[in-house]
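Chains A and B are the protein sequences, given in the same order.
Take the first sequence: its letters are residues 5 to 346, numbered as in the working numbering.
Take the second sequence: its letters are residues 166 to 490, numbered as in the working numbering.
Note sheet for the following structure.
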Amino acid sequence: MTSLDKSTDVATLGHGDAPLLEVDDLYVEFHTRDGIAKAINGVSFHLEAGETLAVLGESGSGKSVTAQAIMGILDMPPAVVPRGAVRYAGRDLLTMSPKERRKIRGPEISMIFQDALSALNPVFPVGWQIAEMFRVHKGMNRRDAQAEAIRLMERVQIPAAKDRVRSYPHQFSGGMRQRIMIAMAIALNPRILIADEPTTALDVTVQAQIMALLQEIQEESGMGLILITHDLGVVADVADRIAVMYAGRIVESADVLPLYADPAHPYTEGLLASIPQLEQKGKELYAIKGLPPSLLRMPDGCKFNPRCSRAQDICRTDDPELREVVPGRWSRCHFAEEVLGD
Amino acid sequence: MTDFSHHEPGASGAAAESGVPLGSLSTGPVEPDGGAAAPARSPGAEAWRELRRKPMFWISATVIFVFLLMAVWPSLFTDIGPRDAVLADRWAKPSAEHWFGRDLQGYDLYTRCIYGARASILVGLLTATLTALVGGFLGLIAGYMGGITDTLLSRLAEVFFAIPLLLGAIIFLFSFSQPNDGFFKTVMSIVLILVILGWPSVFRLMRSSVLQVKPNDYVQAARALGGSPLRIAFRHILPNAIGPVIVVSTINLGVYIASEAALSFLGIGLQDPTVSWGQMIDEGSEQIRNAPHTLLFPAGFLSAAVLGFIMLGDTIRDAFDPKSR
């Protein structure tokens, strides 16, 4: 069985107080022909060992770019990080040399992607790809690495792993492929796993299985999990905290249950209201009006004001700060207390 | 006759597709042989496992093997020397004794066809290998690095691409080769000019193939899981991008053999006393009414060799594509 306990040696890194991962005032811009697209505008959050943080947002809200910035796999250019820091156990990843970062990617911070079919190399058997992790990072020989690959495939509950180890990605079902992707990502017992929409390409029953697997692995290993998703349903059972992103910034951040029970930002409120409910049968579904703003031309004031039903004059001129409304609840809204009260 | 006017031999996708319809000879489902936890095979080994089961592979491989044998060891096929002439019997028709008949000089045509293989195969193999190496390597670098490296390499390729193959080769060979150069020197100068003028087509193919592969999630994933740039380029991008290059190079091999024949036909490639198919076609074409067999037999050998390589290229492409399994 895998001994996935790395949580014990957190202190040995010598930064006892530093959170496992800390994103501090991060900005990411894409310099395009049409101008500068501000994909991320001052995102800050932290993650502790054993914790699950859900980053929630619609397409283009900057959640995947955040993940790529943490991993250091943004294509630069066109991407530029003008400000901010990403600290892993106290060390800033953004100022590290490419070589140092490569040692972090995989063994320390790892990532799984949305579509496992395209995230697995089509010309290599899956076992080879899992084994590559051990060969590259640990210098294992082929046979040992292969044995490790089989062990990991069993760990992620792939039936007949010994026979399947030589199959190619396209010979697996979607759920099985995602399991293999997970096996690759957890191969070296990372302390942080970033899951970028891990279940979006899967059907609902398989989604639940994959989430259960991720949760199980997390409990066993004590790793920190960042779950990037646009699906409120996926998040509810799994996450400890949620950060809701809109237009490249966090608009609300809170523990899961309070946030679901009583959102403190109109955007979160709108998202929750647009979940179909059984008792709503026959009635029209709620939808947030309008579209997210273009990253090239942000509105003045609050970035959500053109779509917000509560927008006042102040919202069109003054950009609200992310502030703690009640302990543990952060919102980027002038009227957060009102929203929370409703 | 072979089309000599091709400047970009077989580089278009259509040319690669228009070959023999080998794709239809797909094999059965994947068999999970045994439950033993043997190490995963490399892609090359997997492709070989696929190839072994295809009759078309064995047919083309046999044809190529026979030609290779002719090139290396011509006396295995015939007792007569390539310069044993019986002038009285010139233009003799094919007979039981002399299967292909005799040519203008009274040489035994069958023997000459056998001896002609060496020059053609050598030129074809060397040129195809070198263009694939040079063009493939530069294409990988240009596609992967992008930016200024890509721009410079692409412009350089375009400069060479703009020179018509045959015209360039004629000028080069006229200026740099002497009629009394030895066999290897002439072959090498032909190979050199074909590589100089031929690498851009492989370069372009490789570059576009790399550009297609590069944005894939698995390249991102390889980065996210800690792969070094060198490893990503050679382990993750190259195997996914090399398919078209292998196919086109194998097809080009045939085209280069034809180009050598064309140059010899024009009298600036291999010269007497070296025997080559192009030269024989040249001689034979002058007597096409009188003695058509002097044209048809060397042309047939040339076609068979070219076809053999094109067929091999096609089966290799299928074998390297896991989705066709």
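C-beta atoms are modelled at their ideal positions from N, C-alpha and C, and glycine is treated no differently.
Residue i versus residue j: straight-line alpha-carbon distance, rounded
i               : j               : result
P394 of chain B : V59 of chain A  : 29 angstroms
F462 of chain B : A253 of chain B : 21 angstroms
L187 of chain B : I416 of chain B : Reliability of the predicted coordinates at L187 of chain B is poor, the pLDDT of 36 falling under 50, and the value obtained from them is presented with this limitation in mind. Cα-Cα distance, rounded: 14 angstroms.
A250 of chain B : Y272 of chain B : 5 angstroms
C319 of chain A : R388 of chain B : 41 angstroms
V238 of chain A : Q281 of chain A : 15 angstroms
E342 of chain A : Y271 of chain A : 14 angstroms
S342 of chain B : I336 of chain B : 10 angstroms
E451 of chain B : M445 of chain B : 10 angstroms
V47 of chain A  : Y421 of chain B : 59 angstroms
L359 of chain B : L477 of chain B : 22 angstroms
E448 of chain B : A236 of chain B : 21 angstroms
M180 of chain A : T203 of chain A : 12 angstroms
D268 of chain B : L274 of chain B : 6 angstroms
S260 of chain B : T459 of chain B : 13 angstroms
S481 of chain B : T209 of chain A : The question names Ser, yet the displayed sequence has Ile at residue 481 of chain B. So the two alpha carbons sit approximately 41 angstroms from each other.
D317 of chain A : P297 of chain A : 19 angstroms
A189 of chain A : L390 of chain B : 7 angstroms
Y280 of chain B : K219 of chain B : 30 angstroms
I245 of chain B : R146 of chain A : 54 angstroms
F325 of chain B : A423 of chain B : 20 angstroms
T351 of chain B : L435 of chain B : 6 angstroms
I313 of chain B : S225 of chain A : 45 angstroms
Candidates the options, of which the one nearest residue i by Cα
i               : options                        : result
I221 of chain A : A:D200, A:A191, A:Y250         : A:A191
H401 of chain B : A:V90, A:L124, A:F34, A:D29    : A:L124
E104 of chain A : B:I416, B:G392, B:V384         : B:G392
G300 of chain B : B:E262, B:E323, B:F232, B:Y280 : B:E323
F466 of chain B : B:L233, B:A386, B:K219         : B:L233
M115 of chain A : A:R333, A:E328, A:I184         : A:I184
G333 of chain B : B:M353, B:T314, B:G432, B:I361 : B:I361
I74 of chain A  : A:A247, A:G64, A:A89, A:A153   : A:A89
K386 of chain A : A:L261, A:G294, A:D235, A:P267 : In the structure as shown, chain A begins at 5 and stops at 346. Residue 386 of chain A is therefore absent and cannot be evaluated.
I198 of chain A : A:G274, A:I113, A:M188, A:D38  : A:I113
L317 of chain B : B:L298, B:V356, B:V352, B:P365 : B:P365
G473 of chain B : B:A226, B:A210, B:R217, B:L216 : B:A226
A243 of chain A : A:D266, A:A251, A:L218         : A:L218
H338 of chain A : A:N309, A:P331, A:G332         : A:N309
V228 of chain B : B:I355, B:I286, B:H263         : B:I286
C312 of chain A : A:L299, A:L275, A:G345         : A:L275
Residue i, buried or exposed, once every other Cβ within 10 Å from all chains shown has been counted against 16
i               : result
Q284 of chain A : exposed
W213 of chain B : exposed
F128 of chain A : buried
M80 of chain A  : exposed
W238 of chain B : exposed
N405 of chain B : buried
K258 of chain B : exposed
R301 of chain A : exposed
K307 of chain A : buried
E288 of chain A : exposed
I108 of chain A : buried
G200 of chain B : Residue placement at G200 of chain B is poorly supported in this model, since its pLDDT is 35, which falls under 50; the coordinates are not used for a value here.
Helix, strand or coil at residue i [DSSP, three-state]
i               : result
D254 of chain B : helix
A199 of chain A : strand
K42 of chain A  : strand
Y172 of chain A : coil
D334 of chain A : Asp is not the amino acid found at residue 334 of chain A; the sequence shown has Trp there. Of the three classes helix, strand and coil, the one that applies to W334 of chain A here is strand, per DSSP.
V195 of chain B : Here the model assigns V195 of chain B a pLDDT of 38, short of 50, so the residue's position is not dependable, and the following value carries that caveat. Three-state DSSP puts V195 of chain B in coil, outside helix and strand.
D259 of chain A : strand
M115 of chain A : strand
Y290 of chain A : coil
L25 of chain A  : strand
V85 of chain A  : coil
M249 of chain A : strand
H35 of chain A  : strand
S90 of chain A  : Before going on, a small fix: residue 90 of chain A reads as Val here, not Ser. Three-state DSSP puts V90 of chain A in a strand.
G228 of chain A : strand
T56 of chain A  : strand
L317 of chain B : helix
Near the ligand FMN: residue i beta-carbon under 8 angstroms from a heavy atom
i               : result
P247 of chain B : In the structure on display, the ligand FMN does not appear, and there are no ligands present to speak of.
Selection of the stretch 74–98 of chain A by Cβ proximity to chain B, strictly under 7 angstroms
M75, I77
Relative to chain A, which residues along the stretch 357–383 of chain B have a C-beta separation below 7 angstroms, given in chain order?
N381, D382, Y383
Residues of the stretch 121–144 of chain A with Cβ closer than 9 angstroms to any Cβ of chain B, in chain order
L121, S122, A123, L124, N125, P126, V127, F128, P129, V130, G131, W132, Q133, A135, E136, M137, V140, H141
Residues of the stretch 301–319 of chain B in Cβ contact with chain A at a cutoff of 8 angstroms, in chain order, please.
none
May I ask you to list, following chain order, the residues of the stretch 176–208 of chain A that have a beta carbon less than 9 angstroms from some beta carbon of chain B?
M185, M188, A189, A191, L192, I198
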